[in-house]
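Report on the structure given below.
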Amino acid sequence: MTKKTQALLILNGKGAGNEALREAVYHLRSEGVELEVRVTWEHGDAARYVAEAIELGADTVIAGGGDGTINEVATALIAHPQASRPALGIIPLGTANDFATSCGIPLEMDQALTLAVHGRATEIDLASVNRERYFINMATGGFGTRITTETPEKLKSALGGVSYFIHGLLRMDTLKADRCEITGPDFKWEGDALIIGIGNGRQAGGGQEICPEALINDGLLQLRLLTAEELLPSFLRSLLNGEENKNIVSTSLPWLEINAPHDMTFNLDGEPLTGKHFRIDILPNALQCRLPPHCALLG
Numbered sequence: 101m102t103k104k105t106q107a108l109l110i111l112n113g114k115g116a117g118n119e120a121l122r123e124a125v126y127h128l129r130s131e132g133v134e135l136e137v138r139v140t141w142e143h144g145d146a147a148r149y150v151a152e153a154i155e156l157g158a159d160t161v162i163a164g165g166g167d168g169t170i171n172e173v174a175t176a177l178i179a180h181p182q183a184s185r186p187a188l189g190i191i192p193l194g195t196a197n198d199f200a201t202s203c204g205i206p207l208e209m210d211q212a213l214t215l216a217v218h219g220r221a222t223e224i225d226l227a228s229v230n231r232e233r234y235f236i237n238m239a240t241g242g243f244g245t246r247i248t249t250e251t252p253e254k255l256k257s258a259l260g261g262v263s264y265f266i267h268g269l270l271r272m273d274t275l276k277a278d279r280c281e282i283t284g285p286d287f288k289w290e291g292d293a294l295i296i297g298i299g300n301g302r303q304a305g306g307g308q309e310i311c312p313e314a315l316i317n318d319g320l321l322q323l324r325l326l327t328a329e330e331l332l333p334s335f336l337r338s339l340l341n342g343e344e345n346k347n348i349v350s351t352s353l354p355w356l357e358i359n360a361p362h363d364m365t366f367n368l369d370g371e372p373l374t375g376k377h378f379r380i381d382i383l384p385n386a387l388q389c390r391l392p393p394h395c396a397l398l399g
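What follows is the structure, encoded as structure tokens:
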């Protein structure tokens with residue numbers, strides 16, 4: 101007979117030595133929680149572990165890592181039938197933890213793990229890109245994508261989320277707009293964009309609220325883009341100080357398409373995707389996620 105497991109924690113290898121998390125796991129096990137732990141080593145491990153969790157009858161699969169780890173686990177979950185799909189729990193162990201921070205997931209390992217195991221499961225949306233890739237938090241394109249993908253690992257380790265902001269200021273000589281056309285229900289825009297944010301969640305790049313009105317359970321994506329008519333410093337001021345900016349285009353859509361005459365790169369929760377055409381759809385109520393009672397991303 102297959103052993104019944106309450107939860108399976110998929111831990112990014114970089115966080116495997118976290119002593120506070122280790123103690124939290126031991127504590128929950130001492131209280132009778134059947135909690136399995138698996139550590140990822142290479143791409144594809146998360147998918148195998150999610151399949152194993154379903155075989156074990158786990159109620160919850162916990163993603164322990166940053167936004168990329170959460171994305172990988174969520175992508176693996178959505179590949180299984182909804183009837184057998186465990187809920188998603190989150191342990192923030194990354195550099196920026198943008199999605200976890202927006203959701204109000206505690207940074208303390210014991211509190212985060214308790215929430216991931218015992219918290220109420222709430223239905224949330226997931227975004228599909230070209231029907232083959234997904235993001236749970238945000239897709240970013242343009243200058244912002246180049247910053248998050250090029251920021252040195254040593255700077256990330258030393259400064260955390262603020263490293264993206266600092267590296268962006270250092271790289272402003274590389275400002276380059278992306279020419280593209282964006283269409284959706286009753287919406288069309290064409291021009292040069294410095295930054296494109298498509299949010300299910302609200303923040304990216306180490307704490308910057310790029311899509312401040314996004315919700316993860318409203319069946320919509322917030323599109324927010326900065327046109328090339330404005331310089332980046334004004335956009336940063338609008339993000340940091342809440343200033344209005346006439347060159348920021350903002351709308352909410354259930355789907356959108358982006359077409360460009362040249363290759364563009366979008367950062368999907370930290371994972372790059374390059375192409376000339378992107379079809380992005382929101383998948384309403386796609387996953388169940390264990391979230392705090394007053395999560396700011398729930399409508």
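The opening residue of the sequence shown carries number 101 in the working numbering; numbering runs sequentially from there.
By construction, the Cβ of each residue, glycine as well, lies at the ideal position given by its N, Cα and C atoms.
For residue j and residue i, believed in contact at Cβ under 8 Å, the rounded distance
i, j, result
"Ala163", "Ile170", "5 Å"
"Cys389", "Gly204", "Their Cβ separation, rounded to whole angstroms, is 12 Å, which puts Cys389 and Gly204 out of contact at 8 Å."
"Val217", "Gln106", "7 Å"
"Gly319", "Asp210", "That pair is no contact at about 34 Å."
"Asn385", "Glu223", "4 Å"
"Arg279", "Pro206", "The Cβ separation is near 43 Å, so there is no contact."
"Asp369", "Ile236", "6 Å"
"Ile298", "Ala239", "4 Å"
"Leu193", "Gly165", "5 Å"
Secondary structure of residue i, DSSP reduced to three states
i, result
"Leu213", "helix"
"Leu255", "In this predicted model, Leu255 has a pLDDT of only 38, less than 50, meaning its place in the structure is not dependable; the value taken from the coordinates is given anyway. Residue state, collapsed to three classes: helix."
"Asp145", "helix"
"Glu404", "No information on residue 404 is available, as it lies outside the stretch 101 to 399 that the chain covers here."
"Asp409", "It is not possible to answer for residue 409, since the shown part of the chain is limited to 101 through 399."
"Glu131", "coil"
"Gly115", "helix"
"Ala386", "strand"
"Thr175", "helix"
"Leu391", "coil"
"Ala105", "According to the sequence displayed, residue 105 carries Thr and not Ala. Note: Thr105 maps to coil in three-state DSSP."
"Gly168", "helix"
"Ser263", "Any reading at Ser263 needs caution, since the residue's pLDDT is 39, under 50, leaving its predicted position unreliable; the model's value is listed next. Three-state DSSP puts Ser263 in a helix."
"Ala360", "strand"
"Leu368", "strand"
"Leu326", "strand"
Spatially closest choice to residue i from the options, by CA coordinates
i, options, result
"Val150", "Val133, Gly242, Leu108 and Ser130", "Leu108"
"Ala227", "Val217, Ala183 and Ile178", "Ile178"
"Glu371", "Val349, Asp167, Gly242 and Arg148", "Asp167"
"Arg379", "Leu353, Ala386 and Val133", "Leu353"
"Thr140", "Lys376, Arg148 and Glu313", "Arg148"
"Lys114", "Glu142, Glu134, Ala124 and Glu123", "Glu142"
"Tyr126", "Leu213, Gln182, Ala174 and Glu152", "Leu213"
"Asn347", "Trp355, Ala328 and Leu356", "Ala328"
"Glu172", "Ala277, Gly157, Leu111 and Asn359", "Leu111"
"Lys376", "Glu131, Glu208 and Gly241", "Gly241"
"Ala277", "Gly284, Pro285, Thr283 and Gly291", "Gly291"
6 Å Cβ shell around residue i - same chain, five flanking residues per side excluded
i, result
"Gln303", "Asp198, Ser202 and Glu309"
"Leu398", "Asn317"
"Leu325", "Ala293, Ile296 and Val349"
"Glu134", "Thr105 and Gln106"
"Thr374", "Asp363 and Thr365"
"Pro312", "Arg302"
"Asn359", "Glu281 and His377"
Contacts around residue i, its chain only, beta-carbon distance under 8 Å, and the 5 residues preceding and following it disregarded
i, result
"Ala258", "Summary for Ala258: the model assigns pLDDT 41, below 50, so the residue's position carries little reliability, and this model does not support an answer."
"Pro393", "Arg220"
"Gly261", "The pLDDT assigned to Gly261 is 42, lower than 50, so where the model puts this residue is not dependable; a value taken from the coordinates is nonetheless given after this. Only Thr195, Ala196, Asn197, Asp198, Gly305, Gly306 and Gly307 meet the Cβ criterion."
"Ala174", "Ala163, Leu188, Leu226, Tyr234, Ile236 and Leu387"
7 Å CB neighbourhood of residue i in its chain, flanking five on each side removed
i, result
"Thr351", "Phe287 and Leu323"
"Ala187", "Asp159, Thr160, Ala221, Gln388, Cys389 and Arg390"
"Leu315", "Leu397, Leu398 and Gly399"
Proximity test, Cβ basis, 8 Å: residue i and chain D
i, result
"Ala314", "In the structure shown, chain D does not exist; there is a single protein chain."
Check: residue i C-beta below 7 Å from any heavy atom of the ligand FMN
i, result
"Leu213", "Of the ligands one can find in the structure shown there are none, so the ligand FMN has no counterpart to examine."
Fill in: Residue ranges of each beta strand (DSSP E) within the segment 271-306, 3 or longer
278-284 and 287-299
Fill in: Secondary structure, beta strand (DSSP E): runs of 3+ residues fully inside the segment 179-239
187-192, 221-229 and 233-235
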